[in-house]
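S.K.: Each residue of the sequence shown is one higher than the one before, counting from -16 in the numbering used here. Using N, Cα and C, we set each Cβ at its ideal position, and we do this for glycine too.
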Amino acid sequence: MSLNDKTYYHVQDITDGDGDFIGIDTDKNVYEFRHDPFEITLLTEPLETILKNNK
């Protein structure tokens, strides 16, 4: 997905099932993408921890 001249990759859906997801950019920064309201939040935990906590 490209947004604001930056490329992001979908990694995992967020467990609430409404289309929100965890993504990563080409610089290996991890984000939480929310669509309602639209919001992109930089996550500071390691990706492995984020994915384990999102099961």
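1. Out of Gly2, Thr(-2) and Met(-16), point me to the one whose CA is closest to Arg17's CA.
2. Under the DSSP definition of a beta bridge, which residues are partnered with Ile(-3)?
3. I think Asp8 touches Tyr(-9), with their Cβ atoms under 8 Å apart; what is that distance to the nearest whole Å?
4. Between the alpha carbons of Ile(-3) and Glu31, how many angstroms are there, rounded?
M.R.: On the basis of the coordinates in this document:
1. Among Gly2, Thr(-2) and Met(-16), the Cα nearest to that of Arg17 belongs to Gly2.
2. Answer by DSSP bridge pairing: none, since Ile(-3) is not bridged.
3. A Cβ-Cβ distance of about 5 Å is found for the pair Asp8 and Tyr(-9), placing them in contact under the 8 Å criterion.
4. Approximately 14 Å, taken between the alpha carbons.
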